[in-house]
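Single-structure report; data block below.
There are 2 protein chains.
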Amino acid sequence: MSKKLDPRVARTRQMLRDALVELIHEEGYEKITVQDITKRAGLNRATFYLHYRDKLDLLSQSCEEILHDLVESMNASLAETESFDFMSGQPHDTFIHLFEQISFNSRLYKVFLTEKNMSHFTSRMMELMIDFVAKGMKNLQPDDEKLAVNRDIAVRYFAAAFLGVITWWLEKDMPYTPKFMATQLMRIGTRGPYIEDPFVK
Amino acid sequence: MSKKLDPRVARTRQMLRDALVELIHEEGYEKITVQDITKRAGLNRATFYLHYRDKLDLLSQSCEEILHDLVESMNASLAETESFDFMSGQPHDTFIHLFEQISFNSRLYKVFLTEKNMSHFTSRMMELMIDFVAKGMKNLQPDDEKLAVNRDIAVRYFAAAFLGVITWWLEKDMPYTPKFMATQLMRIGTRGPYIEDPFVK
DNA sequence: AACACTAATCAACATCATGTCAATAAAACG
DNA sequence: CGTTTTATTGACATGATGTTGATTAGTGTT
Numbered sequence: 001m002s003k004k005l006d007p008r009v010a011r012t013r014q015m016l017r018d019a020l021v022e023l024i025h026e027e028g029y030e031k032i033t034v035q036d037i038t039k040r041a042g043l044n045r046a047t048f049y050l051h052y053r054d055k056l057d058l059l060s061q062s063c064e065e066i067l068h069d070l071v072e073s074m075n076a077s078l079a080e081t082e083s084f085d086f087m088s089g090q091p092h093d094t095f096i097h098l099f100e101q102i103s104f105n106s107r108l109y110k111v112f113l114t115e116k117n118m119s120h121f122t123s124r125m126m127e128l129m130i131d132f133v134a135k136g137m138k139n140l141q142p143d144d145e146k147l148a149v150n151r152d153i154a155v156r157y158f159a160a161a162f163l164g165v166i167t168w169w170l171e172k173d174m175p176y177t178p179k180f181m182a183t184q185l186m187r188i189g190t191r192g193p194y195i196e197d198p199f200v201k
Numbered sequence: 001m002s003k004k005l006d007p008r009v010a011r012t013r014q015m016l017r018d019a020l021v022e023l024i025h026e027e028g029y030e031k032i033t034v035q036d037i038t039k040r041a042g043l044n045r046a047t048f049y050l051h052y053r054d055k056l057d058l059l060s061q062s063c064e065e066i067l068h069d070l071v072e073s074m075n076a077s078l079a080e081t082e083s084f085d086f087m088s089g090q091p092h093d094t095f096i097h098l099f100e101q102i103s104f105n106s107r108l109y110k111v112f113l114t115e116k117n118m119s120h121f122t123s124r125m126m127e128l129m130i131d132f133v134a135k136g137m138k139n140l141q142p143d144d145e146k147l148a149v150n151r152d153i154a155v156r157y158f159a160a161a162f163l164g165v166i167t168w169w170l171e172k173d174m175p176y177t178p179k180f181m182a183t184q185l186m187r188i189g190t191r192g193p194y195i196e197d198p199f200v201k
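Now the structure itself:
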């Protein structure tokens, strides 16, 4: 299937992508130009256009590459676990793998999720989370009648919440382990944030 | 304090802001230029620079204006309600006012929250939600020891969840009333999404 | 109505990033 | 080795930017 890539091509693309990530971190995606990227990469500007249409194309391809790995990792662990004991107090493996996979590429995820003007990546990531949550909820409770809220609302609610917490975790430079984070998310999502329910006297 | 604004100035700024919103909706924020904006507004390009530094400055000022109204509305209803019965099944007024205020300016909120490359607005909105959630949680449970999860995580979790649902609501052209949406958010946040808790046999 | 004042228009300008091209040099491959 | 592919270089037209100075139009004050 995949022809072996000319080493010059692989090297050039990697240098451009590394330069992109660095520059987004330093100056923000909006401010950087194709000139900046090629200069930082030590390449000629014309070389850029041999590989990418424009700045967005470079970003877009970098996004898809990294998200492809994440989807594969999560689908793998979803397929593994057919039944799951929610009373064990243990987080679902898929949650752990989510945080682990992100920590493997934390440099890139941090830049792509926390820097400004990265909506191309964040919206792709949100799509991914929505899909993930929708599948999880469908497994757990396929009957809409037994939901206390509109399913679409609930899906978006949890997808956004998870992505928000992931972003927080990266902003703070991952102060907790993937397992701890997964546990917190499971707990708050199913039990709410309070130990003693303040709504019941 | 505030001198009466020259009607030419007010008119010009309004035309520029209207043109901005229209064009973001039609072509996306990234693609539009100062030329496009002034052309749509029927103004000379030089006039733009009499009022704003660049495209971002125009966007930024439009954001602050609209968010100022939202903050005021929510602070007002926060101040009114000192005690609140969470068992009433009624949503807190602040939640309702949140959705109502957004529905008053739904055209602008929809464009600013759902179009791509609007992270300047979405991150300001997220800050606002974080502040709102942090205050609400502090009132409800000031003691960290009685939280099942890290407070910062919980704050980000709910702020992101709320903003996600608001965005969904605007994407779908507000299919439910503000009161209904507020009720759904209260319910899912405190009780979880399931009528019968599937985690307890 | 005439006045001074401010805002908007217009044409012009230098600057900069873009995307493309043809010619050339360098590296990879068989 | 020679052939093919890739990267470099300098050049070019294009289009948006931000600014300027001179002019016209609108505001509101006396």
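Taken in order, these protein sequences are the chains called Z and R.
FYI, the UniProt record's numbering numbers position 152 of the first sequence as 152, with every residue one higher than the one before it.
FYI, the UniProt record's numbering numbers position 85 of the second sequence as 85, with every residue one higher than the one before it.
No residue lacks a Cβ here, since even glycine has one placed at the ideal position from N, Cα and C.
- Query: Mind checking whether Trp168/R and Met181/R have CB atoms under 7 Å apart?
  - Reply: As a working mapping, residue 168/R is identified with position 168 in the second sequence. As a working mapping, residue 181/R is identified with position 181 in the second sequence. For Trp168/R and Met181/R, no; Cβs fall outside 7 Å.
- For Asn44/R and Thr38/R, the rounded distance between their alpha carbons: Taking the second sequence and counting its residues from 1, the one referred to as residue 38/R is at position 38. Taking the second sequence and counting its residues from 1, the one referred to as residue 44/R is at position 44. C-alpha separation (whole angstroms): 6 Å.
- Would you grab the beta carbon distance between Cys63/R and His120/R for me? Rounded to a whole angstrom, and I think it's under 8 Å. Your numbering for residue 63/R matches position 63 in the second sequence. Your numbering for residue 120/R matches position 120 in the second sequence. Indeed, because the Cβ distance is near 6 Å, the residues count as touching under 8 Å.
- Item | Spatial distance of Ser75/R from Gln61/R (CA atoms) | Locating residue 75/R in the second sequence gives position 75, where the first residue counts as 1. Locating residue 61/R in the second sequence gives position 61, where the first residue counts as 1. According to the sequence shown, residue 75/R is Asn rather than Ser. Looking at the two C-alpha atoms, the distance is approximately 21 Å.
- Query: Leu147/R by DSSP, collapsed to three states: which one?
  - Reply: As a first step, residue 147/R is located in the second sequence; it is residue number 147 there, counting from the start. Three-state result, Leu147/R: strand.
- Message: Quick check on Tyr176/Z: does DSSP put it in helix, strand or coil?
- Response: Within the first sequence, the letter at position 176 stands for residue 176/Z. Coil at Tyr176/Z, not helix or strand.
- Message: Any beta carbon from chain R within less than 7 Å of Lys116/Z's own beta carbon?
- Response: For the purposes of this step, residue 116/Z is taken as residue 116 along the first sequence, with counting starting at 1. Yes, because at least one Cβ of chain R sits closer than 7 Å to the Cβ of Lys116/Z.
- Selected residue, minimal CA-CA separation from Leu16/R, among Phe99/R, Asp173/R, Glu171/R and Arg40/R: By 1-based counting over the second sequence, the position of residue 16/R is 16. Looking at the Cα atoms, Arg40/R is the closest of the given residues.
- Task: Answer yes or no: do Ile166/R and Ala148/Z have a C-beta to C-beta separation smaller than 7 Å?
- Result: Translated into positions along the second sequence, residue 166/R becomes position 166. Translated into positions along the first sequence, residue 148/Z becomes position 148. No, they are not a contact pair.
- Simplified DSSP state of Tyr157/Z, which is helix, strand or coil: Here residue 157/Z corresponds to residue number 157 of the first sequence, with the count starting at 1. Looking at Tyr157/Z - three-state DSSP - the assignment turns out to be helix.
- Item | Extent of the continuous alpha helix (DSSP H) run through Asn75/R | Locating residue 75/R in the second sequence gives position 75, where the first residue counts as 1. Lys55 to Glu80 is the extent of the alpha helix (DSSP H) around Asn75/R.
- Query: So which residues on chain Z does Ala134/R lean against when the C-beta distance must stay under 8 Å?
  - Reply: Walking along the second sequence from the start, residue 134/R turns up at place 134. Residues of chain Z passing the Cβ test: none, with the nearest at roughly 12 Å.
- Query: Near Gln184/Z, what residues of its chain come up, given a Cβ to Cβ distance below 6 Å and the 5 sequence neighbours on each side ignored?
  - Reply: Residue numbering aside, residue 184/Z sits at position 184 when the first sequence is read from its first letter. Contacts found: none.
- Query: Which one of Ser77/R, Val21/R, Phe104/R and Glu80/R has the shortest CA to CA distance from Lys55/R?
  - Reply: One-based indexing of the second sequence puts residue 55/R at position 55. For Lys55/R, the nearest C-alpha among the options comes from Val21/R.
- Query: Are the C-beta of Thr190/Z and some C-beta of chain R separated by less than 7 Å?
  - Reply: Here residue 190/Z refers to the residue found at position 190 of the first sequence. Closer than 7 Å to some Cβ of chain R, the Cβ of Thr190/Z qualifies, so yes.
- Message: Considering only the alpha carbon of each residue, which of Glu100/Z, Met126/Z, Arg156/Z and Asp69/Z lies closest to Lys179/Z?
- Response: Residue mapping note: residue 179/Z aligns to position 179 of the first sequence, counting from 1. Lys179/Z has its Cα closest to that of Glu100/Z, out of Glu100/Z, Met126/Z, Arg156/Z and Asp69/Z.
- Pro193/Z versus chain R: which residues are under 7 Å apart at the beta carbon? Indexing the first sequence from 1 puts residue 193/Z at position 193. Per Cβ cutoff of 7 Å: Leu147, Ala148, Val149 and Ala154.
- Item | C-beta neighbour in chain Z for Gln141/R, strict 7 Å | Here the question's residue 141/R lines up with position 141 in the second sequence. Closer than 7 Å: yes.
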